[in-house]
Amino acid sequence: MNAQIVNNHEGLYRPQFEHDNCGIGAVVNIKGRKSHSTVMDALKIVENLEHRAGKDAEGKTGDGVGILLQISHRFFSKVCKPLGIFLGSERDYGVGMFFFPQDELKKNQAKKIFEVIVRKEGMNFLGWREVPVREEVLGSRAAECMPCILQGFIERPGKVPQGIDFDRRLYVVRRIFEQSSDDTYVASLSSRTIAYKGMFLVGQLRPFFEDLKSPEYESAIALVHSRFSTNTNPSWERAHPNRFIVHNGEINTIRGNADKMQAREENMESEYLKGELHKVLPAINSSGSDSAMLDNAIEFMVMSGMDLPLAVMIAIPEPWASAKTMSQKKKDFYQYYATMMEPWDGPASILFSDGDCMGAVLDRNGLRPSRYYITDDDTLILSSEVGVLDIAPEKILVKERLHPGKMLLVDTISGKVIGDDELKEIYAGRQPYGEWLDSNLIELSSLKIPNQKVPSYTAEECKRLQKAFGYSYEEVKTSILAMAQNGTEGTAAMGIDAPLSVLSEKHQDLFGYFKQLFAQVTNPPIDSIREEVVTSSTVYIGADGNLLEEREENCRMLKVDNPILTNTDLLKIKSMKKEGFYPVEIPIIYYKNSGLEKAIDYLFIEVDRAIREGANILILTDRGVD
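Per this note's numbering, the very first residue in the sequence shown carries number 869; after that it's consecutive.
Structural data, given as structure tokens:
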């Protein structure tokens, strides 16, 4: 019978091979009207995205499924009353979704720690609620590692305004707790949103959580996600939604993004978290998935006072450097933030929400599809593909898709959909970014060449250096020589299977120690024309600015269009005499018998000394090696 089905299709297409990355979807009432039907429609979307969800060989345990909703005051005030928990008015309390360990002692210890932290942070803990679940619907692997799922309720202090201000207090509480209790995961803790998720198949989310089936549970915003784990193993914690986003795709640059976020923490200050930054740092949990780390970064920026659309905008910018039709004002905006924040790059479609707005953005290459409808009853339905909900054609007012690098925002407070151009023009016009850049940003190409001779080497010196730095005859002849003569790179496979350089008994060149980390199979190739538009090789050199506060001095950087520096480029940097820039050369050569570890320790001391003396451009030099 299967063979018969296959033969009914012409060409090479086979529907049974229709598997892709994660499935995402959203249902939003544009006017902010809450209803149970929003929840039901969102669950229906995720159930129809089964082909985009991963599962185990047994077919009974999934990679993860979840839903992000507004907190339903009608529902929670009803279910909490019998427990003796009195919540007050809407948004006067925060709700936490906790995955506690099943061990009774550990669970009680974690609960007690959380209650103490809440009290120490000047808030009143109202009580715990055991979330009613149906464990029997789970597969054996999910049931084995199932946590004990509880909800915790925190009263809003009278002096703290509703909304983001209260959520900021809850964020501090959660970060302190996370650093105090390793075996408990907080899926969400907010006064506006709540996440229901787990290690499910798409059809298990609805029957597992009894809350979702209650007609009293109402929401105007619902984000859903079915996970296809690309880079990390499935677990209850790694299921989406995260606290702000759901994500289809992967962040290829994640290691660099996370490291750079950590590096710039010492320069970041925020009046909104004054005196409390030490409680929430490090901002990024390095053990999470790429999606979770992006969510950590966005959450940190939002809690530090940045608007949610702006945080997403600078983390996932559109291709602006080579855009001929983009306004200069918008280019200046992107240029300003590019000096402080590198793109979180890779094929990605992101949906985000803080409980008041819901937005979506597509990566600059447009490698993950996202389509949406707007219906005549003020509902926006968005998903990674069409056909996820049965909608009568006559009800559809708008039928569109997300475009590469573009953003869509639904503001349920004002009750309108804000398009990409309107949204970005608002943010681009807030500060005189162009003036700031003219006064502070210096381009390497504009620096004068000093009146000095550029270093050169004799053939003998060149051979000695090649030997010292581990270059082989084959590399020089087949790779370097071809590039030098023709300006072209030899064709090679991306998936390198050469042995690890660290295991070699001979000296290897530096570049042999680096390997690609991203999952190449999920990245479709793009044509050279589009690649020219969307890619940029620009790097910025100098002291990092404070990302959290818009100031002129933040963009005092040296802009380098090509990271491969010539000897002339290095000479220009070493000799530059510009206000705010202090380049220093630090030698990295050492005597053979002194040992690499000692040499590195000495290098650290020299770097620290240079920074204390005001250096903000460090040039590590191997001149003088023999």
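Each residue gets a CB set at the ideal place from its N, CA and C atoms; glycine is no exception.
Asked	Found
Compare the C-alpha of G952 against each of W996, V984, G932 and name the closest.	W996
Looking only at its own chain, which residues have a Cβ that is under 7 angstroms from the Cβ of V1040, when we skip the five neighbours before and after it?	E989, E1144, K1147, V1148
Leaving out five residues before and five after Y1241 in sequence, what residues of the same chain have Cβ atoms less than 6 angstroms from its Cβ?	I1249, I1264, K1267
Using alpha carbons as the reference points, say which of R959, E1290, E983 lies closest to S1049.	E983
Would you tell me roughly how many angstroms separate the C-alpha atoms of I1432 and I1409, rounded to the nearest one?	13 angstroms
Are there 16 or more other CB atoms within 10 angstroms of the CB of Q970, so buried, or fewer, so exposed?	exposed
Roughly how many angstroms lie between the CA atoms of P950 and E1139, to the nearest whole one?	41 angstroms
Could you please give me the residues that DSSP links to P1083 through a beta bridge?	None; P1083 has no bridge partner.
Specify, as a first and last residue, the run of the alpha helix (DSSP H) that C1225 falls within.	It is not in any alpha helix (DSSP H) - C1225 instead sits in the beta strand (DSSP E) that spans 1225–1230.
Return the chain-ordered ranges of every alpha helix (DSSP H) run that is complete within the region 1302–1383 and spans a minimum of 4 residues.	1327–1336, 1349–1354
Could you tell me which residues DSSP puts in a beta bridge with T1403?	Its beta-bridge partners do not exist; DSSP assigns none.
Straight-line CA distance for D1494 to G1358?	30 angstroms
Using the C-alpha atoms, what's the distance from G930 back to P1102?	8 angstroms
Looking only at its own chain, which residues have a Cβ that is under 6 angstroms from the Cβ of N1125, when we skip the five neighbours before and after it?	W1212
My output table needs one value for F1201: the three-state DSSP class, helix, strand or coil.	helix
Could you check what DSSP says for A1189 in three-state terms: helix, strand or coil?	coil
By Cβ distance below 7 angstroms, which residues in the same chain neighbour A1122 in space, the five residues on each side in sequence not counted?	Checking the sequence shown, residue 1122 turns out to be Ile, not Ala. Around I1122: D1158, M1161.
Assuming contact is defined by CB atoms lying nearer than 9 angstroms, are A1055 and E1105 in contact in what I supplied?	yes
Select from S1058, T1207, K975 the residue whose C-alpha is nearest the C-alpha of L1018.	K975
Could you check whether the region 936–943 touches the region 1020–1037, counting it as contact only if at least three pairs of C-beta atoms, one from each stretch, sit closer than 8 angstroms?	no
Under the three-state reduction of DSSP, which class applies to R1123: helix, strand or coil?	helix
If you draw a straight line from the C-alpha of E1453 to the C-alpha of L1415, how long is it?	28 angstroms
Compute the distance between the beta-carbons of F1119 and G1026, then report whether it is under 9 angstroms.	Going by the sequence as given, residue 1119 is Ile instead of Phe. Going by C-beta atoms, I1119 is not nearer than 9 angstroms to G1026.
Just tell me which of K1442, I985, V1092 has its CA closest to the CA of I1044.	I985
Applying the criterion that 16 or more other CB atoms from any shown protein chain within 10 Å of the CB defines a buried residue, is T1346 buried or exposed?	exposed
N897 lies in the beta strand (DSSP E); which residues open and close that run?	891–897
Would you list the residues sitting across from S1251 in a DSSP beta bridge?	G893, R1239
Under the rule that 16 or more other beta-carbon atoms within 10 Å means buried, what is C1423, buried or exposed?	buried
Give the secondary structure of R942 by DSSP, where H, G and I count as helix, E and B as strand, and everything else as coil.	helix
Measure from the alpha carbon of H941 to the alpha carbon of each residue in V1256, K912, S1087, then state which is nearest.	S1087
Out of S945, I1022, K1445, which has the shortest C-alpha to C-alpha gap to Y961?	I1022
Start and end of the beta strand (DSSP E) containing D1279?	1275–1279
What does V1054 pair with, by DSSP beta-bridge criteria?	F966
Taking the CB atoms as reference points, tell me whether S1091 and A1296 lie closer together than 9 angstroms.	It is Leu, not Ser, that sits at residue 1091 in the sequence shown. Their beta carbons are not under 9 angstroms apart, which means L1091 does not touch A1296 by this criterion.
Give every residue of the same chain whose Cβ lies closer than 7 angstroms to the Cβ of D1246, excluding the five residues on either side of it in the sequence, and list them in chain order.	N897, I898, K899
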